[in-house]
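S.K.: I am attaching a structure below and will ask some questions about it afterwards.
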Amino acid sequence: MASRAVALIPALLALIVVALTLGSAAVTAVWGGGGGLGPADWAALRFTLLQAALSAAVSALLAVPLARALVRRRFAGRGLLLRLMAAPFLLPVVVAVLGLLAVFGRSGPVNSLLAVLGLPALSVFGLHGVVLAHVFLNLPLVTRMLVHGWQAIPAERFRLAQALGMGPGPQFRHLELPMLRATLPGAAALVFLLCLTSFAVALTLGGGPKASTVELAIYQALRFDFLPGKAATLAAVQFALCATVTLAAMRLARVEGFGAGLGREVEMPAPGGWRRGVDALMIVLAAGFLLAPLLAVVWRGAPGLVALPSSVGWAAARSLVVAVLSAVLAAVAALVLVQARVAGRRWAELAAMLPLAASGLVMGTGLFLLVQPVAPVERLALPVTMLVNATLALPYLFRLLLPEALRLEADYVRLAESLSLRGAARLRLLVLPRLARPLGFGTGLAAALSMGDLGVIALFAGERGVTLPLLVQRLTGAYRMEAAASAALLLVGLSFALFWLFDRWGARHAAA
Amino acid sequence: MKTLPLAAAVTCLATIAGAETPVLTVMTYDSFASEWGPGPAIEKGFEATCGCDLRFVTAGDGAALLARVQLEGTASEGDVVVGLDTNLTAAATASGLFAPHGQPAVTGLPVAWEDAQFLPFDWGWFAFVHDKAKLPNPPASLEALAASDVKILIQDPRSSTPGLGLVMWVKAAYGDRAPEIWAALADNIVTVTPGWSEAYGMFLEGEADMVLSYTTSPAYHLIAESDDSKAAAPFAEGHYLQVEVAGLLAGSDQPELGKAFLAYLVGDAAQSVIPTTNWMYPANVPAAGLPEGFGTLIQPAKSLLFSSDEAGALREAAVAEWQAALSR
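Chains as they are written, first to last, in this note's numbering: chain A, 1 to 512; chain B, 513 to 840.
Right under this line is the structure:
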């Protein structure tokens with residue numbers, strides 16, 4: 001009886017996610033009536049697909065050599081670099097764009113250097129600018145996912161490969177390629193889905209209405225034309241795309257157990273010669289590309305930090321509470337759904353990936369319509385934000401946990417069964433220690449994303465309940481660009497601190 | 513109606529606590545109610561006289577505000593809406609959610625204004641702002657700008673109020689020639705941002721020579737930062753106006769209090785706060801005059817403004833023209 005009730009939990013969770021994503025869109029559709037799409041919407045759809053595909057492809061292609069170099073090379077500051085490199089993904093989009101512009105913009109160092117060399121100036125506006133920004137934001141995520149993948153290859157396999165006299169080539173084919181085949185499609189699909197709902201990056205750097213995305217069309221339908229029905233139709237198109245891509249990625253990703261190892265830290269052979277040079281170059285270039293805009297954000301924001309208004313403290317505290325609670329909520333939900341997926345229930349994966357295609361705006365509007373007759377929306381602003389942020393973070397956590405969980409199952413299931421290790425004991429003794437690393441990383445990610453999220457709170461917030469991102473927006477709206485830069489730096493700092501704490505927890509509790 | 517017990521309890525408590533003082537709920541856009549906007553001073557000033565509790569409920573900008581008013585419909589707790597503009601009032605009237613404001617006409621607008629439902633509380637001219645040192649000779653008209661190689665930042669009319677203002681500006685100045693002007697402007701546009709603050713921030717970082725903003729923007733730099741390097745360029749075609757209005761919600765349970773608030777909003781106390789918090793011109797010039805620094809601003813000879821009905825009828829086609837011209 002009790003075990004049957006426990007078995008229902010994942011299904012219940014999946015239902016909640018579906019209700020929050022598809023359900024909120026349905027409410028919006030019912031409320032507003034349906035709506036047809038015009039030629040501009042189809043053009044937006046084409047551009048959305050193009051930029052998302054390019055962003056995913058470039059991110060994935062660059063991440064493979066970068067992650068490989070980071071795994072097999074040892075150098076001073078490697079751990080710090082690995083953590084810092086996650087930072088771009090944690091940046092609020094507007095901050096990231098300003099950071100990129102400070103480096104690649106008209107008066108940035110890159111163009112100054114080009115001018116000194118007598119070369120024509122580089123413009124970051126256009127499709128290439130959109131892809132540049134998306135790669136900047138997402139390369140760290142894919143790289144970390146691949147680093148986890150490499151680290152999950154048992155050290156014994158590499159030793160065996162060396163004992164058999166395998167060079168880097170055969171070793172890549174027999175050990176690393178299977179891992180990549182299991183991890184890369186999911187990672188690329190994640191980036192693709194992320195870029196699918198891009199709004200501010202595409203619009204700000206796209207250079208004009210050529211670069212309209214579906215999310216912008218939703219924004220327009222909802223805010224300007226007030227056609228909630230049309231917004232819901234567009235949201236349905238996004239859902240359909242998301243489902244297709246997720247299913248395709250599921251087909252592509254093949255999991256192969258390596259057989260269990262002793263779980264030692266990877267000691268991947270580090271070949272010398274030209275390979276060493278290429279690895280070093282890859283690391284230096286990526287570090288420069290990912291860290292320079294961050295440095296610009298610090299540079300712009302640091303001077304005004306001491307002069308920040310006192311309201312920043314409360315906003316920061318509110319944001320921290322929302323971030324931690326929603327991250328923990330997302331982590332628990334992801335663990336439950338991952339276990340269900342490992343047990344062969346494919347719908348769990350689909351449910352977990354759904355929120356990626358959810359338009360925050362449509363979700364917020366649907367919830368607004370649901371909440372409003374029940375209670376004043378301002379009172380529920382923070383709980384609703386928490387719930388929505390947890391839902392939006394679920395796909396990342398799920399995606400990070402799944403490959404490890406599947407490998408764990410493939411490698412240890414027989415052992416666990418023969419020891420009758422089940423239920424809570426299995427979770428505590430086997431699953432959690434093995435998943436601690438991606439779990440810590442993913443929970444940190446969820447906390448940081450929630451910290452920087454502006455979407456839902458903007459729709460619900462009243463006079464009270466202002467969060468840090470909302471405060472940053474209010475500062476920029478009041479001409480206070482410098483104070484906004486400082487508040488944004490504080491936001492980035494806090495996001496990163498949260499991420500760091502969770503990530504360290506994961507690394508510390510990982511089975512050694 | 514089914515109600516969550518907790519929510520009901522919370523509402524009950526709030527009702528008991530607030531039984532003595534009536535609550536006036538003012539719906540407005542974010543930057544109006546923020547601590548740097550006119551909201552706090554107006555709240556304090558009005559509460560001192562009304563014996564009530566003024567509460568702000570906010571939405572991102574004017575368009576989001578109207579969307580929220582429409583989403584809440586007749587169930588809204590709101591009494592007064594502050595911060596729509598002439599591009600939104602047609603839709604706001606059509607929603608049937610607003611009641612006559614019953615206030616005498618304001619006197620500080622550069623154009624004649626008559627509207628029984630919407631009361632102007634501030635206004636401004638859209639303009640391209642530049643740095644006087646970096647661009648000493650700015651173009652003198654939209655057409656000259658289009659013919660020049662001056663780089664500009666503008667906002668998207670589908671998500672931003674100034675962005676839509678520029679589309680209306682070109683339409684009001686050039687009518688059927690608007691697509692031609694946009695086609696000529698295309699190579700001047702560095703990028704189109706979702707909102708005003710992204711474009712303005714990028715302009716301050718040096719990404720373009722000029723940015724679409726208001727003639728009053730240089731006053732902020734002058735008064736708040738003692739920086740006189742910014743100026744707005746006067747354009748020969750005239751400048752399109754943004755008139756920000758307030759209205760009374762028909763579903764309000766405090767209509768008298770709402771009217772008292774509207775009277776306060778266009779009265780001397782509130783109007784003298786607006787120039788240096790909202791950085792717009794007051795709808796009624798305060799007795800003490802405009803703040804020092806406003807005298808240095810350009811005064812366009814000609815003001816352009818479509819009526820609410822015209823704007824409502826033109827908007828979709830004008831935005832489509834903009835989109836078609838810039839998508840080529």
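No residue lacks a Cβ here, since even glycine has one placed at the ideal position from N, Cα and C. A quick note: this is a predicted structure, and the numbers were derived from the prediction, not measured.
How should residue 441(A) be labelled, buried or exposed, when 16 other C-beta atoms within 10 angstroms of its C-beta is the threshold for buried?
M.R.: The residue in question, residue 441(A), is buried, as its Cβ has 16 or more Cβ neighbours within 10 Å.
S.K.: Along the chain, which unbroken stretches of the alpha helix (DSSP H) at least 4 residues long are found entirely within the segment 717–768 of chain B?
M.R.: As far as the segment 717–768 of chain B is concerned, its whole alpha helix (DSSP H) runs of at least 4 residues are 729–737.
S.K.: I need the DSSP call for residue 376(A), collapsed to helix, strand or coil.
M.R.: If DSSP states are grouped into helix, strand and coil, residue 376(A) belongs with coil.
S.K.: Between which two residues does the beta strand (DSSP E) containing residue 597(B) stretch?
M.R.: Segment 592–597, the beta strand (DSSP E) holding residue 597(B).
S.K.: Between the alpha carbons of residue 311(A) and residue 551(B), how many angstroms are there, rounded?
M.R.: Approximately 15 angstroms, taken between the alpha carbons.
S.K.: Could you tell me whether any Cβ in chain B is nearer than 8 angstroms to the Cβ of residue 241(A)?
M.R.: False, the Cβ-Cβ gap to chain B never drops below 8 angstroms.
S.K.: How would you label residue 185(A), buried or exposed, when you count the other beta carbons within 10 angstroms and need 16 or more for buried?
M.R.: Answer is buried; the Cβ neighbour count reaches 16.
S.K.: Could you name the residues that DSSP lists as bridge partners for residue 571(B)?
M.R.: DSSP output for residue 571(B) lists 541(B) as bridge partner(s).
S.K.: Cutting at 7 angstroms between CB atoms, please list the residues of its own chain near residue 674(B), excluding the five before and the five after it.
M.R.: Here the set comprises 638, 667, 708, 724 and 725.
S.K.: At what residue ranges does the segment 771–811 of chain B contain a whole run of the alpha helix (DSSP H), taking only runs of 4 or more?
M.R.: List check, alpha helix (DSSP H) in window: 780–785.
S.K.: Since I believe residue 604(B) is in contact with residue 610(B) (beta carbons under 8 angstroms), could you give me their beta-carbon distance rounded to a whole number of angstroms?
M.R.: Confirmed, Cβ separation roughly 6 angstroms.
S.K.: Helix, strand or coil for residue 815(B), going by three-state DSSP, please let me know.
M.R.: Strand at residue 815(B).
S.K.: What residue from 68(A), 117(A), 108(A) and 197(A) has the CA that sits closest to residue 172(A)'s CA?
M.R.: Selected option, being the one with the closest Cα: 68(A).
S.K.: Using the DSSP secondary-structure output, state which residues sit across from residue 610(B) in a beta bridge.
M.R.: Residue 610(B) pairs with 761(B).
S.K.: Could you work out which residue in 580(B), 534(B), 746(B) and 837(B) is closest to residue 227(A) when comparing CA atoms only?
M.R.: Of 580(B), 534(B), 746(B) and 837(B), the residue nearest in Cα terms is 580(B).
S.K.: Run through DSSP, which three-state label would residue 512(A) get?
M.R.: Because residue 512(A) carries a pLDDT of 48, less than 50, the predicted location of this residue cannot be relied on, and the following value inherits that uncertainty. Three-state result, residue 512(A): coil.
S.K.: Report yes or no: is there a C-beta of chain A within less than 8 angstroms of the C-beta of residue 660(B)?
M.R.: By this cut-off, residue 660(B) is not an interface position.
S.K.: Cβ of residue 635(B) within 8 angstroms of Cβ of residue 755(B)?
M.R.: Cβ distance < 8 angstroms, so residue 635(B) and residue 755(B) count as in contact.
S.K.: Leaving out five residues on either side along the sequence, give the residues of the same chain with a beta carbon under 6 angstroms from the beta carbon of residue 126(A).
M.R.: Excluding positions up to five away in sequence, the list reads 207.
S.K.: Do the segment 85–95 of chain A and the segment 285–304 of chain A meet, that is, are 3 or more Cβ pairs less than 8 angstroms apart?
M.R.: Touching, per the Cβ criterion.
S.K.: My assumption, with CB atoms under 8 angstroms, is that residue 351(A) sits in contact with residue 27(A). Please give the rounded CB distance.
M.R.: At roughly 18 angstroms, the Cβ-Cβ gap does not stay under 8 angstroms, so residue 351(A) and residue 27(A) are not in contact.
S.K.: Output needed for residue 557(B): all residues of its chain with C-beta closer than 6 angstroms, excluding positions within five of it in sequence on either side, in chain order.
M.R.: Only 781 meet the Cβ criterion.
S.K.: Mind listing, in chain order, the continuous alpha helix (DSSP H) runs of no fewer than 4 residues lying wholly within the segment 422–474 of chain A?
M.R.: With a minimum length of 4 residues, the continuous alpha helix (DSSP H) runs that stay inside the segment 422–474 of chain A are 423–426, 432–452 and 455–460.
S.K.: Pick helix, strand or coil for residue 42(A), following the three-state DSSP scheme.
M.R.: In this structure, residue 42(A) counts as helix in the three-state DSSP scheme.
S.K.: According to DSSP, which residues form a beta bridge with residue 667(B)?
M.R.: Paired residues: 705(B).
S.K.: Taking CB distances under 8 angstroms as the criterion, tell me whether residue 481(A) reaches chain B.
M.R.: Interface residue, yes.
S.K.: If we define contact as Cβ-Cβ less than 8 angstroms, is residue 476(A) a contact residue for chain B?
M.R.: Yes - at least one Cβ of chain B is within 8 angstroms of the one on residue 476(A).
S.K.: List, in chain order, every chain B residue whose beta-carbon is nearer than 9 angstroms to that of residue 235(A).
M.R.: The contacting residues do not exist; residue 235(A) stays about 16 angstroms from chain B at best.
S.K.: Buried or exposed for residue 549(A), please, with buried defined as at least 16 other CB atoms from any protein chain shown within 10 angstroms of its CB.
M.R.: Since the first residue shown for chain A is 1 and the last is 512, residue 549(A) is missing from the structure and cannot be characterised.
S.K.: Just mark residue 811(B) as buried or exposed, buried being the case when its beta carbon has 16 or more other beta carbons within 10 Å.
M.R.: With fewer than 16 Cβ atoms within 10 Å of its Cβ, residue 811(B) is classed as exposed.
S.K.: Report yes if the CB atom of residue 338(A) is closer than 8 angstroms to the CB atom of residue 402(A), and no otherwise.
M.R.: A contact, by the Cβ cut-off of 8 angstroms.
S.K.: Looking at the C-beta of residue 94(A), does it have a partner C-beta in chain B at a distance below 8 angstroms?
M.R.: Yes, contact with chain B.
S.K.: Please list the partners that residue 732(B) has in chain A, where partner means a Cβ-to-Cβ separation under 8 angstroms.
M.R.: Result: 479.
S.K.: Answer yes or no: does any C-beta atom of chain A fall closer than 8 angstroms to that of residue 792(B)?
M.R.: It does not: the Cβ of residue 792(B) has no partner Cβ on chain A nearer than 8 angstroms.
S.K.: Taking Cβ positions, are residue 644(B) and residue 743(B) nearer each other than 8 angstroms?
M.R.: Yes, the pair counts as a contact, with Cβ atoms nearer than the cut-off.
S.K.: Which bits of chain B does residue 519(A) rub up against, with CB to CB less than 9 angstroms?
M.R.: Outside the modelled stretch of chain A, which goes from 1 to 512, sits residue 519(A), for which no answer is possible.
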